[in-house]
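Participant: If you read the sequence shown in the numbering used here, its first letter stands for residue 1021, the second for the next number, and so on.
So that we are looking at the same thing, I have put the structure below in structure tokens.
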Amino acid sequence: MYFELWIDRSRSKEIIEKLRKVCEEVWEVYYNYDLIVKVKSDEVLKIDGVLFYKRHYRC
């Protein structure tokens, strides 16, 4: 499943590194959200610095 993420931008490098270790795909975007990630379960997204996430509507 794909999820849209909003992250703490002051720590974005650190958070993206953590996400790359636990997610199948991590895409940086500049739209209404900061990242799109592909994961099997949203449980792995419960990382310090991830402010909000929701399922991506197209995937």
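Glycine included, each C-beta is placed from N, C-alpha and C at the ideal position.
What you are looking at is a predicted structure, and each value in this text was computed from that prediction instead of being measured.
Taking C-alpha atoms, which residue in M1021, I1036 and Y1022 lies nearest to V1070?
Facilitator: I1036
Participant: Secondary structure at V1049, three-state DSSP: helix, strand or coil?
Facilitator: Of the three classes helix, strand and coil, the one that applies to V1049 here is coil, per DSSP.
Participant: If you run the structure through DSSP and keep just helix, strand and coil, what is K1058?
Facilitator: strand
Participant: Give the single residue among Y1077, E1024, F1072 and R1078 whose Cα lies nearest to the Cα of V1046.
Facilitator: That would be E1024, whose Cα lies nearest to the Cα of V1046.
Participant: Would you check if the distance between the CB atom of Y1073 and the CB atom of L1065 is smaller than 7 angstroms?
Facilitator: yes
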